[in-house]
Amino acid sequence: TESHGPLGDIIKLFGNFGVDGPHLAVQVVNFSILAFVLYRFAIKPALGQLEERIRQAEQLQSDRAAAEAQLAAAQKTAEAKLIAASDEAVKILADARNSAKQAIEAAKAEAQAAQTEVIAKAKAAIEADRVKMMNEVRGEVSRLVVETAAKVLEQNLDDAQRGRLNEAAVKQLAR
């Protein structure tokens, strides 16, 4: 049976290469079944795993970016806390210095007050000693005056007369 037309020429050409129609149809059906089985049981699961790995890689990238953002925020927070702690330490040191300065000033003032008190007490004691010594000197001078007057007058004075002369001499010396 000779075919006419372009289809016949193609079949004749395939026939020259040893390809016949029924075997070609069986081979096409076999290839289609093989392609379906491979796609269903090999390629589709492999593509699913590939898509899952791609999704996991994207999730890891997202998690990594979030972790980097959290790390940056934590570093900023740590720096802020470190700066705040440094400022607080400076403030505490300044307060301690001021407290020490005030304590030193208070101690100086207290020592100066004690010194002034000691000087005042010493001056009072010196003045009291001076007054006491002046009184003793006056008494001694008046006694000597009375004795001298008694010798000059060559008379013996009784105690009452001596007392009056002593008092008169003390009054004279006090002026």
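Residue numbers (this note's numbering): 9 to 183.
For glycine and all other residues, C-beta sits at the position ideal for the given N, C-alpha and C.
Quick caveat, the model's predicted, so the values are computed rather than measured.
Specify the secondary structure class of residue i as computed by DSSP and reduced to three states.
i           : result
residue 25  : coil
residue 166 : coil
residue 1   : Any question about residue 1 goes unanswered here, given that the chain covers just 9 to 183.
Looking only at its own chain, which residues have a Cβ that is under 8 Å from the Cβ of residue i, when we skip the five neighbours before and after it?
i           : result
residue 147 : 174 and 178
residue 32  : 22
residue 149 : 177 and 181
My understanding is that residue i touches residue j, with C-beta atoms under 8 Å, so please give their C-beta distance in whole angstroms.
i           : j           : result
residue 170 : residue 154 : 5 Å
Who are the Cβ neighbours of residue i in its own chain at under 6 Å, not counting the five residues just before and after it?
i         : result
residue 9 : Only weak support exists for where residue 9 lies, its pLDDT of 48 falling under 50; the coordinates are left without a value.
Next on the checklist: Give the list of continuous alpha helix (DSSP H) stretches no shorter than 4 residues that lie fully inside the segment 67-107.
Outcome noted: none
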